[in-house]
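Colleague:
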Amino acid sequence: MRKIIDAVFPMYANHRDNKVLRNKYSNAGEDDESESLLCHIENADAINTDVLKQQYDDTFDIKDKLEDKAKTNVISITIAITLIMGASGVLNTISEKFPTFFLQWLTFVLLAVAVIFLLIAGIIAVKVLIDENIVYTVALNSFASNEATLRSDYDKCIVLNRKQNLIRNNSVYSSYECIRNAFVCLFVILLLATIPIGFQQTSIDKSSMHEQYSFTFSSETVSYLRSHDVQSVVEDAILNTVENESISGKSDDAIGIINSANNLFIKFKLSKETITVMMIEPYSVP
Numbered sequence: 001m002r003k004i005i006d007a008v009f010p011m012y013a014n015h016r017d018n019k020v021l022r023n024k025y026s027n028a029g030e031d032d033e034s035e036s037l038l039c040h041i042e043n044a045d046a047i048n049t050d051v052l053k054q055q056y057d058d059t060f061d062i063k064d065k066l067e068d069k070a071k072t073n074v075i076s077i078t079i080a081i082t083l084i085m086g087a088s089g090v091l092n093t094i095s096e097k098f099p100t101f102f103l104q105w106l107t108f109v110l111l112a113v114a115v116i117f118l119l120i121a122g123i124i125a126v127k128v129l130i131d132e133n134i135v136y137t138v139a140l141n142s143f144a145s146n147e148a149t150l151r152s153d154y155d156k157c158i159v160l161n162r163k164q165n166l167i168r169n170n171s172v173y174s175s176y177e178c179i180r181n182a183f184v185c186l187f188v189i190l191l192l193a194t195i196p197i198g199f200q201q202t203s204i205d206k207s208s209m210h211e212q213y214s215f216t217f218s219s220e221t222v223s224y225l226r227s228h229d230v231q232s233v234v235e236d237a238i239l240n241t242v243e244n245e246s247i248s249g250k251s252d253d254a255i256g257i258i259n260s261a262n263n264l265f266i267k268f269k270l271s272k273e274t275i276t277v278m279m280i281e282p283y284s285v286p
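Here the sequence shown stands for residues 1 to 286, where the numbers follow our numbering.
Written out as structure tokens, the structure reads:
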């Protein structure tokens, strides 16, 4: 369960882990062994001072590499957020394809969460470059002292710089995880936008048919429609008949159809682009 929480909220895991490392910093003065590398190595005296200097220099190389990664994250996040700000076309596509309240809000929430994750990733990366820009250097007086003092100072700085690099590494990794979570949200949005389904096709066809024809109703049908809310049912039934049976508008003959779903007999006439509803008669089924 903890791994799932850490994966979904990497910024929380980063804060927790770095807090543990910082506590080691604050307790370092109480325990000299906690900030010593040589005390845990047998025959530490056999290690040359030049080797310690190389280890010391390596901590700065690692620091530079981690900061380069943080800078790359900041640039990538800036580009990603700029592109997301122009994603209104994708949202419109999904709204037209899925005319449901739930999916429209789901898309909006996913996009908002993606932006939030990217912003958090950017903040964490910037903190690596600013708040975590801490290094421990060998004091100048150590070079003027004996070799034992210099070795001890190298030893201490190596340990502290390594811990600081761990904090940087945790932050950079958490920034990557936030970017990953943002891309997951964006992938779901892209999937919804590109999935090849015609959810709206029926309603679009009906809308185009309604735009193509105009309806007029005889006085007999108007009185019936006032007492029965079936106008949309009648219009849809007629349009379906016109579309499916390819009825020509050149004939003035009356056409009768039965709407079995609502037990209605409907009589209409089609003249060019005008449909005249002549009769609406309910019937009962024995």
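The C-beta atom is built at its ideal place from N, Cα and C for all residues, glycine as well.
1) Measuring straight from C-alpha to C-alpha, what distance separates residue 4 and residue 139?
2) Given this structure, state the Cα-to-Cα distance separating residue 63 from residue 107, to the nearest angstrom.
3) Helix, strand or coil for residue 18? Go by DSSP, reduced to three states.
4) Is it right to say residue 131 is buried, meaning 16 or more other beta carbons lie within 10 angstroms of its own, or is it exposed?
5) In the DSSP assignment, find the unbroken beta strand (DSSP E) run with residue 268 in it and report its ends.
6) Along the chain, where does the alpha helix (DSSP H) containing residue 235 start, and where does it finish?
7) Quickly, what does DSSP pair residue 139 with across the bridge? List them, please.
8) Using the rule of at least 16 other Cβ atoms within 10 Å of the residue's Cβ for burial, across every protein chain shown, is residue 186 buried or exposed?
9) Quick check on DSSP: helix, strand or coil for residue 86?
10) Could you work out which residue in 168, 160, 74 and 182 is closest to residue 8 when comparing CA atoms only?
11) Jot down the residue ranges of each uninterrupted beta strand (DSSP E) in the region 125-200, minimum 3 residues, whole runs only, in chain order.
12) Grab the span of the beta strand (DSSP E) containing residue 7 for me, first residue to last.
13) With DSSP as the reference, identify every bridge partner of residue 309, one or two as the case may be.
14) Is there contact between the region 149-166 and the region 101-116, where contact requires at least three CB pairs shorter than 8 Å?
15) State the beta-bridge partners of residue 41 as determined by DSSP.
16) Just verifying my parser: in three-state terms, what is the DSSP assignment at residue 78?
17) Is residue 117 helix, strand or coil by DSSP?
18) Put residue 53 into one of helix, strand or coil per three-state DSSP.
19) Which whole-angstrom value is the C-beta distance of residue 189 and residue 90, which I expect to be below 8 Å?
20) From which residue to which residue does the alpha helix (DSSP H) around residue 276 run?
21) Give the straight-line distance between the Cα atoms of residue 222 and residue 96, rounded to the nearest whole angstrom.
22) Would the region 69-87 count as touching the region 116-136 if we require 3 or more Cβ pairs under 8 Å?
23) Residue 214 by DSSP, collapsed to three states: which one?
Modeller: So, from the data block:
1) Locating residue 4 in the sequence shown gives position 4, where the first residue counts as 1. Locating residue 139 in the sequence shown gives position 139, where the first residue counts as 1. Their Cα atoms are separated by approximately 44 Å.
2) In the sequence shown, counting from the first residue as 1, residue 63 sits at position 63. In the sequence shown, counting from the first residue as 1, residue 107 sits at position 107. C-alpha separation (whole angstroms): 39 Å.
3) For the purposes of this step, residue 18 is taken as residue 18 along the sequence shown, with counting starting at 1. Three-state result, residue 18: helix.
4) In the sequence shown, residue 131 corresponds to position 131, counting from 1. Residue environment analysis places residue 131 among the exposed positions, since fewer than 16 neighbouring C-beta atoms fall within 10 angstroms of its C-beta.
5) Here residue 268 refers to the residue found at position 268 when the sequence shown is read from its first residue. Residue 268 -> beta strand (DSSP E) spans 264-271.
6) As a position in the sequence shown, residue 235 is number 235, starting the count at 1. If you look at residue 235, you'll find it in the alpha helix (DSSP H) that goes 231-244.
7) Here the question's residue 139 lines up with position 139 in the sequence shown. Residue pairing by DSSP places residue 139 opposite no residue, since no beta bridge is assigned to it.
8) Working through the sequence shown from its first residue, we reach residue 186 at position 186. If you draw a 10 Å sphere on the C-beta of residue 186, you find 16 or more other C-beta atoms in it, and that means buried.
9) To locate residue 86, count along the sequence shown from 1; it is residue 86. In this structure, residue 86 counts as coil in the three-state DSSP scheme.
10) To locate residue 8, count along the sequence shown from 1; it is residue 8. Among 168, 160, 74 and 182, the Cα nearest to that of residue 8 belongs to 182.
11) Secondary structure remark: continuous beta strand (DSSP E) runs of at least 3 residues inside the region 125-200: none found.
12) Position 7 of the sequence shown, counted from the start, is the residue given in the question as residue 7. Counting along the chain, residue 7 falls outside any beta strand (DSSP E), though it belongs to the alpha helix (DSSP H) covering 2-8.
13) Absent from the structure is residue 309, since the part of the chain shown begins at 1 and ends at 286.
14) Output reads no: the region 101-116 does not touch the region 149-166.
15) On the sequence shown, position 41 is the one that residue 41 refers to. Note: residue 41 is not bridge-paired with any residue in the DSSP secondary-structure output.
16) Taking the first residue of the sequence shown as 1, we reach residue 78 at position 78. In the three-state reduction of the DSSP assignment, residue 78 falls in the helix class.
17) Here the question's residue 117 lines up with position 117 in the sequence shown. Helix, per DSSP.
18) Translated into positions along the sequence shown, residue 53 becomes position 53. In the three-state scheme derived from DSSP, where H, G and I count as helix and E and B as strand, residue 53 is classed as helix.
19) Translated into the one-based positions of the sequence shown, residue 189 becomes position 189. Translated into the one-based positions of the sequence shown, residue 90 becomes position 90. At roughly 6 Å, the Cβ-Cβ gap stays under 8 Å, so residue 189 and residue 90 are in contact.
20) Indexing the sequence shown from 1 puts residue 276 at position 276. For residue 276, there is no enclosing alpha helix (DSSP H); the enclosing beta strand (DSSP E) has its first and last residue at 274-282.
21) Here residue 222 refers to the residue found at position 222 of the sequence shown. Here residue 96 refers to the residue found at position 96 of the sequence shown. The straight-line gap from Cα to Cα measures roughly 34 Å.
22) Counting Cβ pairs under 8 Å, three or more are found: they touch.
23) Stepping through the sequence shown from its first residue, residue 214 is reached at position 214. DSSP places residue 214 in strand when its eight states are reduced to three.
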